[in-house]
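Asker: Please find one structure pasted underneath; my questions will follow.
Residue numbers (our numbering), protein chains in the order written: chain A, 1 to 329; chain B, 1 to 329.
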């Protein structure tokens, strides 16, 4: 690890790519790496971009990245592909288009598609963002389809979350309404040259008026864009800047960073405890053997959970009927 | 608990309602109650009903319940209200309409709106379903808006999952596509007398053709209904019956029950370990005190997670720089 860390600190992009793979694969030493680079955090701005498929998130992100570069900011993009063959495929296609940007040393783009590991995709993505920030990127963009809770967790961990919609999104707005309203700091009505843009904006305004937000002092602006033409990108950047300034002044940023630290500690503890219970203490094997007993009526999930918790030395505080019998067996 | 259990076993509906409240509030003894009634499981059929808001899930469920009653089946409905003021409100409105059904002793309807408890809403809902099954209901229906992962976890734990769409759902289908395709055993195109029903059906058929399903031998049928008129409900029931027969014959039902038991054990262990780490072992207090140190750069989430895991006697297997210093402090 020492060699990799040294090259990372020197600004070696290949060391960065390698370190990201360590994190994605949870290779031994990846937590030490994140611990060692943690001091470099707190400077970058994190932007989350989400919305339904086909809303033009990738194009919008691409134009936003180009604008950041004109401002001399280094930008990293982390795109989260749900593992589904449907959306996963589409996102990868978009990524290939964006590769043109990677000829520029001030830009770094990475897709993350892994799922099902201990700790989950959300934690891994946020750890990857930490690493990119520690490497020296000024802006880190999380881009993801706003489908599952995981994807929402990722973007809502950003300092500013942009929700991208299109005039056709009426139904998606309805579906994702509660979740969207809670996380959106800035709304984008993309493809705003199409019919229905005004209706969508009106619907959003009406819904915003109803919803009590955690941060009452910020009223999410609605920005109209035509991303493929580059229209509205300056306005979007201005809205993001305004939210950033608001977060700084109001103390929201410090509160967000604190909540993010707490959330990270919880995730890490869960990851370690899971490994301890299910792998190191043999929980998986106990569970596998117990399933037949549950099927045959000789145990219940409650008594089996008791056994597994007892095996790792916790007192579950429960006295279930039949416990003596099991202990005698 | 003994008195409640006795009245529950005798078939006292008030004891059932009280026991459900115990589960929702996680009152002391609720796990013993579930353990004690676990032997009564394995007979009822569980149907999950999900779909975007406005798809007519409640009306469809109501008509399905009436049909089950004509077949002399006892039916319980568990409706999960996301805690959002938006959808939560709408679902409650629907519930009030459905209360007419509760004059019938063979029907039981309950809304569950709680969130954020240890173990989460999904576990609590599935525990409530267990209790209803143990009470003697032949069919348990889980009805929920298909928005978050939690709601999907609940319905996909059913033996047969019905996904309800309407001709207007095109965009919602797009948004929820991956998730829907994975969990749907039966599709309903409700409000099928409206324009666009055929297009939706075609889009669904096309998407179904693409997707490799876990259960390759079942091709989800698409049933057209007009729930308010009661049209197509017999066909829906027939499709559910066909899936049930398929699950029985193919061994899928046994595999599902086994997976459900395993999942339940995992959830229970997580609930107990969480309580142990964060409450009983003082993890919450350690975390609260550590956040300032993280902010000041004197600790990182990784070193704090180490400390918390060490406090409960686990060896995290990590050697982080500065550990000796912390232990000496």
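In this text, a Cβ means the ideal position worked out from N, Cα and C, and glycines have one as well. If you're wondering where the values come from, they're calculated on a predicted model, not measured in any experiment.
Enumerate in chain order the residues of its own chain whose CB-to-CB distance from residue 128 of chain A is below 8 Å, with the five nearest sequence positions on each side excluded.
Answerer: Translated into the one-based positions of the first chain, residue 128 of chain A becomes position 128. Excluding sequence neighbours, residue 128 of chain A sits near 20, 23, 24, 78, 110, 112.
Asker: Could you tell me the alpha carbon to alpha carbon distance between residue 254 of chain B and residue 248 of chain B, rounded to whole angstroms?
Answerer: Position 254 of the second chain holds residue 254 of chain B. Position 248 of the second chain holds residue 248 of chain B. About 8 Å.
Asker: On the three-state DSSP scale, how would you describe residue 104 of chain A?
Answerer: Stepping through the first chain from its first residue, residue 104 of chain A is reached at position 104. It is coil, neither helix nor strand.
Asker: Do you know whose CA, among A:15, A:250, A:300, A:54, lies nearest residue 163 of chain A's CA?
Answerer: Translated into positions along the first chain, residue 163 of chain A becomes position 163. That would be A:54, whose Cα lies nearest to the Cα of residue 163 of chain A.
Asker: Beta-carbon separation of residue 141 of chain A and residue 80 of chain A under 9 Å?
Answerer: Taking the first residue of the first chain as position 1, residue 141 of chain A is located at position 141. Taking the first residue of the first chain as position 1, residue 80 of chain A is located at position 80. Result no, Cβ atoms of residue 141 of chain A and residue 80 of chain A do not sit closer than 9 Å.
Asker: Pick helix, strand or coil for residue 239 of chain A, following the three-state DSSP scheme.
Answerer: Counting from one through the first chain, the residue named residue 239 of chain A turns up at place 239. DSSP places residue 239 of chain A in helix when its eight states are reduced to three.
Asker: Taking 8 Å as the cut-off, does the CB of residue 309 of chain B come closer than this to any heavy atom belonging to the ligand MG?
Answerer: No copy of the ligand MG appears in this structure; indeed no ligand is present at all.
Asker: Please state the DSSP three-state secondary structure of residue 48 of chain B.
Answerer: Position 48 of the second chain, counted from the start, is the residue given in the question as residue 48 of chain B. Correct three-state label for residue 48 of chain B: strand.
Asker: Would you say residue 134 of chain B faces chain A, with C-beta separation under 9 Å as the test?
Answerer: By one-based count along the second chain, residue 134 of chain B stands at place 134. Residue 134 of chain B does not count as touching chain A.
Asker: For residue 250 of chain B, count neighbouring C-beta atoms within 10 Å of its own C-beta (all shown protein chains included) and say buried if the count is 16 or more, exposed if not.
Answerer: In the second chain, counting from the first residue as 1, residue 250 of chain B sits at position 250. With fewer than 16 other Cβ atoms within 10 Å, it is exposed.
Asker: Determine the chain B residues that contact residue 248 of chain A at a beta-carbon separation under 9 Å, and present them in chain order.
Answerer: If you number the first chain from 1, residue 248 of chain A lands on position 248. Going along chain B, no residue has its Cβ under 9 Å from residue 248 of chain A, so there is no contact; the nearest lies around 15 Å.
Asker: Is the Cβ of residue 243 of chain B closer than 9 Å to any Cβ of chain A?
Answerer: Walking along the second chain from the start, residue 243 of chain B turns up at place 243. It does not; no Cβ of chain A falls within 9 Å.
Asker: Taking Cβ-Cβ distances shorter than 9 Å, what residues in chain B pair up with residue 348 of chain A?
Answerer: With chain A covering 1 to 329 only, the question about residue 348 of chain A has no answer from this structure.
Asker: Taking beta-carbon pairs under 8 Å, can you tell me which members of the stretch 291 to 311 of chain A lie near chain B?
Answerer: The stretch 291 to 311 of chain A vs chain B, Cβ under 8 Å: 291, 294, 295, 297, 300, 301, 302, 303, 304, 305, 308, 309.
Asker: Between residue 224 of chain A and residue 242 of chain A, is the Cβ-Cβ spacing less than 9 Å?
Answerer: As a position in the first chain, residue 224 of chain A is number 224, starting the count at 1. As a position in the first chain, residue 242 of chain A is number 242, starting the count at 1. Their beta carbons are not under 9 Å apart, which means residue 224 of chain A does not touch residue 242 of chain A by this criterion.
Asker: Taking 9 Å as the threshold (beta carbon to beta carbon), is residue 142 of chain A in contact with chain B?
Answerer: If you number the first chain from 1, residue 142 of chain A lands on position 142. Closer than 9 Å: no.
Asker: Pull up the CB-CB distance for residue 244 of chain B and residue 159 of chain B, whole angstroms please, since I reckon it's below 8 Å.
Answerer: On the second chain, position 244 is the one that residue 244 of chain B refers to. On the second chain, position 159 is the one that residue 159 of chain B refers to. So it is a contact: roughly 7 Å between Cβ atoms.
Asker: Is the CB-CB distance between residue 192 of chain B and residue 228 of chain B below 9 Å?
Answerer: In the second chain, counting from the first residue as 1, residue 192 of chain B sits at position 192. In the second chain, counting from the first residue as 1, residue 228 of chain B sits at position 228. No, Cβ-Cβ distance for residue 192 of chain B and residue 228 of chain B is not below 9 Å.
Asker: Enumerate in chain order the residues of its own chain whose CB-to-CB distance from residue 15 of chain B is below 6 Å, with the five nearest sequence positions on each side excluded.
Answerer: Sequence index remark: in the second chain, residue 15 of chain B carries index 15 (1-based). Cβ neighbours of residue 15 of chain B beyond the five flanking positions: 4, 7, 8.
Asker: In whole angstroms, give me the CA-to-CA distance for residue 240 of chain B and residue 186 of chain B.
Answerer: Here residue 240 of chain B refers to the residue found at position 240 of the second chain. Here residue 186 of chain B refers to the residue found at position 186 of the second chain. About 7 Å.
Asker: Considering only residues of the same chain and omitting the five flanking positions on each side of residue 30 of chain B, which have a CB-CB separation below 6 Å?
Answerer: On the second chain, residue 30 of chain B is found 30 positions in, with the first residue counted as 1. If we look at residue 30 of chain B and ignore the five residues flanking it on each side, its Cβ neighbours are 22, 23.
Asker: Looking only at its own chain, which residues have a Cβ that is under 8 Å from the Cβ of residue 167 of chain B, when we skip the five neighbours before and after it?
Answerer: Locating residue 167 of chain B in the second chain gives position 167, where the first residue counts as 1. Within the same chain, residue 167 of chain B has close Cβ partners 189, 191, 192, 194, 195, 196, 197, 199, 200.
Asker: Residue 217 of chain A: buried (16+ other C-beta within 10 angstroms of its C-beta) or exposed?
Answerer: The residue you call residue 217 of chain A lines up with position 217 of the first chain. Exposed: under 16 other Cβ atoms inside 10 Å.
Asker: Could you pull out every unbroken alpha helix (DSSP H) segment of at least 4 residues lying fully inside the stretch 16 to 48 of chain A, listed in chain order?
Answerer: Qualifying alpha helix (DSSP H) stretches, in chain order: 30 to 36.
Asker: Any beta carbon of chain A sitting closer than 9 Å to that of residue 257 of chain B?
Answerer: Position 257 of the second chain, counting from 1, holds the residue named residue 257 of chain B. Closer than 9 Å to some Cβ of chain A, the Cβ of residue 257 of chain B qualifies, so yes.
Asker: For residue 309 of chain B and residue 122 of chain A, I'd like the C-alpha separation in whole angstroms.
Answerer: Residue numbering aside, residue 309 of chain B sits at position 309 when the second chain is read from its first letter. Residue numbering aside, residue 122 of chain A sits at position 122 when the first chain is read from its first letter. Cα to Cα, the separation comes out at about 21 Å.
Asker: Whole angstroms are fine: how far does the CA of residue 13 of chain B sit from the CA of residue 56 of chain B?
Answerer: Position 56 of the second chain holds residue 56 of chain B. Position 13 of the second chain holds residue 13 of chain B. Cα-Cα distance, rounded: 29 Å.
Asker: In chain B, which residues lie less than 7 Å from residue 261 of chain A when you measure between Cβ atoms?
Answerer: The sequence position of residue 261 of chain A within the first chain is 261, counting from 1. Near residue 261 of chain A (Cβ distances below 7 Å), the residues of chain B are 291, 294, 301.
Asker: Among A:37, A:233, A:124, whose alpha-carbon lies nearest the alpha-carbon of residue 70 of chain A?
Answerer: Residue numbering aside, residue 70 of chain A sits at position 70 when the first chain is read from its first letter. Checked all of A:37, A:233, A:124; the closest Cα to residue 70 of chain A is A:233.
Asker: Using the rule of at least 16 other Cβ atoms within 10 Å of the residue's Cβ for burial, across every protein chain shown, is residue 272 of chain B buried or exposed?
Answerer: Numbered from its first residue, the second chain carries residue 272 of chain B at position 272. It counts as buried.
Asker: Output yes if chain B places a C-beta closer than 9 Å to the C-beta of residue 253 of chain A; else output no.
Answerer: Position 253 of the first chain, counted from the start, is the residue given in the question as residue 253 of chain A. No, residue 253 of chain A does not count as interfacial toward chain B.
Asker: Kindly list, in the order they appear in chain A, the residues whose Cβ is closer than 7 Å to that of residue 209 of chain B.
Answerer: In the second chain, residue 209 of chain B corresponds to position 209, counting from 1. Simply none; closest approach about 13 Å.
Asker: Using only the alpha-carbon positions, how far apart do residue 266 of chain B and residue 182 of chain B sit?
Answerer: Counting from one through the second chain, the residue named residue 266 of chain B turns up at place 266. Counting from one through the second chain, the residue named residue 182 of chain B turns up at place 182. So the alpha carbons of these two residues sit roughly 22 Å apart.
Asker: Would DSSP call residue 187 of chain B helix, strand or coil?
Answerer: Your numbering for residue 187 of chain B matches position 187 in the second chain. Residue state, collapsed to three classes: strand.
Asker: Start and end of the beta strand (DSSP E) containing residue 224 of chain B?
Answerer: Within the second chain, the letter at position 224 stands for residue 224 of chain B. Unbroken beta strand (DSSP E) run through residue 224 of chain B: 222 to 224.
Asker: Chain A beta carbons: is any one of them nearer than 9 Å to that of residue 32 of chain B?
Answerer: Residue 32 of chain B sits at position 32 when you count from the first residue of the second chain. Yes - at least one Cβ of chain A is within 9 Å of the one on residue 32 of chain B.
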